[in-house]
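Worksheet: one structure, shown below.
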Amino acid sequence: MRSLFPILESTVYLNTAYVGPISKELFNYRKKIDNQFLNNGDKFKMDSLEKINLYSKTISTFINSKQENTFFTVNFSTGFRYILDLIPKNSLILTMKDDYDSLLDGLRERDFKVDYVDMTTNFEIEIEKQLKKKSYTVLALSVVQFLSGIKIDFEKLQNIKNANPNLLIIGDTTQFVGSDLFDFNSSPFDVVIGSGYKWLLAGFGNAYISVTDNFFDKTNSSKELLHKKVYSGHVNYLGAASLDFAIKFLQNNNFNLLIKKKKKLSGFLRNELDKLGLIQPIVKERNLHSDIFNIPANKKTYEELLKNRIRCALRGNGVRVSVHFYNNKDDVEKLIKFFKN
Numbered sequence: 018m019r020s021l022f023p024i025l026e027s028t029v030y031l032n033t034a035y036v037g038p039i040s041k042e043l044f045n046y047r048k049k050i051d052n053q054f055l056n057n058g059d060k061f062k063m064d065s066l067e068k069i070n071l072y073s074k075t076i077s078t079f080i081n082s083k084q085e086n087t088f089f090t091v092n093f094s095t096g097f098r099y100i101l102d103l104i105p106k107n108s109l110i111l112t113m114k115d116d117y118d119s120l121l122d123g124l125r126e127r128d129f130k131v132d133y134v135d136m137t138t139n140f141e142i143e144i145e146k147q148l149k150k151k152s153y154t155v156l157a158l159s160v161v162q163f164l165s166g167i168k169i170d171f172e173k174l175q176n177i178k179n180a181n182p183n184l185l186i187i188g189d190t191t192q193f194v195g196s197d198l199f200d201f202n203s204s205p206f207d208v209v210i211g212s213g214y215k216w217l218l219a220g221f222g223n224a225y226i227s228v229t230d231n232f233f234d235k236t237n238s239s240k241e242l243l244h245k246k247v248y249s250g251h252v253n254y255l256g257a258a259s260l261d262f263a264i265k266f267l268q269n270n271n272f273n274l275l276i277k278k279k280k281k282l283s284g285f286l287r288n289e290l291d292k293l294g295l296i297q298p299i300v301k302e303r304n305l306h307s308d309i310f311n312i313p314a315n316k317k318t319y320e321e322l323l324k325n326r327i328r329c330a331l332r333g334n335g336v337r338v339s340v341h342f343y344n345n346k347d348d349v350e351k352l353i354k355f356f357k358n
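In this text, residue positions in the sequence shown follow the working numbering: the first is 18, and each later residue adds one.
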């Protein structure tokens with residue numbers, strides 16, 4: 018499996034949370050798609066439009082959503098704004114204070130009244146408390162926080178949904194789907210949007226939107242209206258085909274087993290970082306976490322990591338590392354050795 022990702026031959030790649038590498042197989046597939054465009058011109062576009070429905074089926078099968086309510090788009094930021102356009106003006110929105118910039122910007126760009134919850138050890142409880150103070154229309158947040166890797170507790174979120182049946186919950190799943198199993202239909206979310214270039218390893222220019230009928234009902238909108246909005250103009254067929262290919266790649270390589278392997282490695286990384294006192298207190302106090310860790314460090318440390326061919330990202334007050342199924346114990350041990358020295 019590692020041989021399919023050339024970047025792994027020269028680096029310790031712990032930067033999936035920034036961008037996932039593409040496989041040799043996807044690279045060759047994308048060349049094949051471009052070659053079809055080269056030789057077929059207008060026919061390529063006509064044929065590609067017919068395939069979009071097939072691609073939405075691939076996405077809906079992967080996350081268990083209704084196909085007719087699942088749409089392809091180019092990135093999270095665009096898809097999120099399509100959804101926000103369907104929410105009535107002056108709606109009261111609740112979100113997380115330090116969530117993904119584009120999520121927060123999307124809310125601020127519109128005529129919404131936005132309140133924020135601080136990230137704490139038990140932030141789900143703080144959300145519950147805030148929901149009792151006002152009648153919110155929407156709770157919008159990332160399933161996994163991009164700075165810290167903190168993952169929301171689905172059980173607690175479901176309890177929030179049960180206690181607030183009129184609340185619409187919108188999730189950014191970019192840092193989640195592809196890193197774990199996800200069942201949209203049994204989740205508390207009314208809408209999820211996620212880009213494919215990170216954990217799904219689908220390259221740039223692709224994302225998905227999945228919506229419940231409940232969302233359409235409560236916003237007096239429809240899947241036909243969203244379809245018209247999403248698919249106006251030309252479609253990035255190369256991006257759509259890449260997402261379709263990448264999802265099938267995960268499915269064909271026993272995604273469940275890949276995730277099981279990755280979770281074991283992520284647990285090993287967490288334990289080793291904890292031994293060095295490099296796990297943030299807020300993370301230590303929570304049982305659930307993702308495969309993303311923010312290690313306290315400065316820019317100089319970040320640059321030293323890069324010199325040692327350890328790929329990561331400078332985020333917040335530290336360096337952010339992340340592991341996926343193509344990483345191994347040796348990758349983690351090289352990182353730990355660096356910090357021990």
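The beta carbon of each residue, even a glycine, is placed where N, CA and C say it ideally should be.
* Asked: In the structure shown, what three-state DSSP assignment does residue 256 receive?
  -> helix
* To do: Would you tell me roughly how many angstroms separate the C-alpha atoms of residue 75 and residue 294, rounded to the nearest one?
  => 42 Å
* To do: Starting from the Cα of residue 3, find the closest Cα among 97, 313, 341 and give me that residue.
  => Residue 3 is absent from the structure shown; the chain starts at 18 and stops at 358.
* In its own chain, which residues sit with a C-beta less than 8 Å from the C-beta of residue 273, not counting the 5 before and 5 after it? -> 198
* To do: Report the three-state DSSP secondary structure of residue 189 (helix, strand or coil).
  => strand
* To do: Report back the beta-carbon spacing between residue 100 and residue 226 to the nearest angstrom; my notes put them in contact at under 8 Å.
  => 7 Å
* Pair within 7 Å by beta-carbon distance, residue 263 and residue 217 -> yes
* **Spatial distance of residue 93 from residue 210 (CA atoms)** => 6 Å
* Could you give the uninterrupted runs of the alpha helix (DSSP H) lying entirely in the region 187-274, keeping only those of 4 residues or more? -> 230-235, 240-247, 254-269
* Within 10 angstroms of the Cβ of residue 110, are there 16 or more other Cβ atoms? Answer buried if so, exposed if not. => buried
* To do: Compute the distance between the beta-carbons of residue 191 and residue 165, then report whether it is under 7 Å.
  => no
* Asked: Roughly how many angstroms separate the alpha carbons of residue 221 and residue 59, rounded to a whole number?
  -> 23 Å
* **Residues bridged to residue 34 [DSSP beta-bridge criterion]** => Bridge partners of residue 34: none, in fact.
* If residue 163 and residue 117 are in contact, beta carbons under 8 Å, what's the gap, nearest whole angstrom? -> 5 Å
* To do: Between the Cα of residue 248 and those of 193, 124, 232, 69, spot the shortest distance and give me the residue it belongs to.
  => 69
* Verify whether the separation of the beta carbon atoms of residue 340 and residue 329 is less than 7 Å. => no
* Assuming residue 188 and residue 160 make a contact with CB atoms under 8 Å, what is their CB distance in whole Å? -> 5 Å
* To do: Starting from the Cα of residue 181, find the closest Cα among 200, 88, 149, 158 and give me that residue.
  => 149
* Asked: Looking at C-alpha atoms only, which residue of 91, 54, 38, 276 is the closest neighbour of residue 193?
  -> 276
* Go to residue 180, then tell me how far its alpha helix (DSSP H) extends in each direction, as first and last residue. => 171-180
* Asked: Do residue 342 and residue 265 come within 7 Å of each other at the CB atom, strictly closer than that value?
  -> no
* Whose C-alpha, out of 219, 234, 353, is nearest the C-alpha of residue 47? -> 219
* Asked: For the beta strand (DSSP E) that residue 130 lies in, which residues bound it at each end?
  -> 130-134
* Bridge partners - residue 335, DSSP secondary structure assignment -> 313, 332
* **Spatially closest choice to residue 21 from 357, 303, 344, 56, by CA coordinates** => 344
* Alpha-carbon spacing of residue 170 relative to residue 317, whole angstroms -> 34 Å
* Euclidean distance between Cα positions of residue 145 and residue 177 -> 6 Å
* Asked: Which partner residues does residue 159 have in the DSSP bridge list?
  -> 189
* Asked: Residue range of the alpha helix (DSSP H) that residue 95 falls in?
  -> 93-101
* Asked: Quick one, are the C-beta atoms of residue 82 and residue 201 less than 7 Å apart?
  -> yes
* **Secondary structure of residue 342, DSSP reduced to three states** => coil
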